[in-house]
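If you read the sequence shown in the working numbering, its first letter stands for residue 16, the second for the next number, and so on.
By construction, the Cβ of each residue, glycine as well, lies at the ideal position given by its N, Cα and C atoms.
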Amino acid sequence: MKPLIITSTPNISWLNPNVNYPATPEEFADEAKKLEESGASILHIHAQGMWAKAINEIKKKSNIIIQCGMSSLSINERMEVFTGGADMISVILGHHDEAFVNQDFHVLHPREELLEYSKMFRKYRVKPEFEVWHTGHIWNLNYLINKKAIDRPYFTTLFFGWPGGNWTPPTLEEYIYRKRQMPANSIINVSVMGNEQMKIISAAITMEDNVRVGTEDNPYINKKLMSNEELVAHVADISRSIGRRVALPNEAAKVIGLER
């Protein structure tokens with residue numbers, strides 16, 4: 016089986032804001048080292064106002080792939096990511112519509128913006144992580160592919176159970192349905208917000224897709240609060256138990272098509 020690529024999201028827990036998470040470049044760097052040792056090959060971070068410093072500090076302590084999130088922000092607000100040495104950047108393939116405990120997100124991302132992003136990926140050699148919340152986003156991904164605006168392979172994350180207008184049911188049926196709609200040359204990752212997380216993650220591991228876990232998505236296993244490294248170690252153990260080993264950062268980079 017292909018090695019499992021684990022993405023860790025040690026950020027704010029949108030539904031449980033009191034859960035601790037790294038908040039400084041130095042804390043991100045320390046967390047990155049622990050997460051790489053636990054089995055993560057990608058670190059998904061939110062570091063508004065300190066992107067370049069956070070990226071620099073992480074690289075001092077870890078070989079982990081740095082994926083910069085907060086795709087609700089505009090391109091202009093994310094220039095520090097493009098110029099600061101990030102490996103990847105998250106881009107939602109349509110409108111942001113999320114309903115969290117302390118804040119909602121309502122941001123329009125038209126296809127014109129996606130085409131502008133596509134130019135930036137190539138110019139700065141940053142690999143996109145395309146957020147796929149429903150099948151309309153798959154249509155937009157195919158739009159970019161047909162325009163020859165993006166390069167293979169297409170690293171994608173399918174989101175399930177995140178509250179708001181982009182909500183889709185966190186069920187095996189929804190995962191399998193959406194998986195079947197994905198274009199060729201897609202690398203599929205799954206993110207689940209809620210107690211159904213491990214059921215879908217276990218299915219994704221078995222079906223040779225990849226997984227995303229962390230405080231941002233769901234900080235609990237069986238209603239027990241877990242650290243980010245415990246979440247990563249848990250899914251790594253699931254993967255190894257069925258004979259699927261966990262990818263190291265350099266292996267994951269090669270699969271994704273990163274220039275490192």
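1) With respect to the alpha helix (DSSP H) encompassing E246, which residues constitute its N-terminal and C-terminal limits?
2) Which residue from L123, I215, N210 puts its Cα closest to that of L193?
3) Buried or exposed: where does Q212 fall if 16 or more other Cβ atoms within 10 Å of its Cβ makes it buried?
4) Note the first and the last residue of the continuous alpha helix (DSSP H) segment covering T150.
5) Using CA atoms only, rank isn't needed, just tell me which of E231, S217, G209, M222 is closest to K238.
6) Keeping to the same chain, check which residues put their C-beta closer than 7 Å to that of L263; ignore five residues upstream and five downstream.
7) Can you list, in chain order, the residues of its chain with a C-beta nearer than 8 Å to that of A248? Leave out the 5 residues immediately preceding and following it.
8) So the candidates are L273, R260, E274; which of them puts its Cα closest to the Cα of I20?
9) Bridge partners of R227, per DSSP?
10) By how many angstroms is the C-alpha of S87 removed from the C-alpha of E95?
Reading it off the structure:
1) Contrary to the premise, residue 246 reads as Leu rather than Glu in this sequence. Run containing L246: 243 to 256, per the alpha helix (DSSP H) assignment.
2) Note that residue 193 is Arg in the sequence shown here, rather than Leu. The shortest C-alpha separation from R193 is found at I215.
3) buried
4) That run of the alpha helix (DSSP H) goes 150 to 161.
5) G209
6) S56
7) S53, G54
8) R260
9) T22
10) Rounded to whole angstroms, E95 to S87 spans 15 Å at the Cα level.
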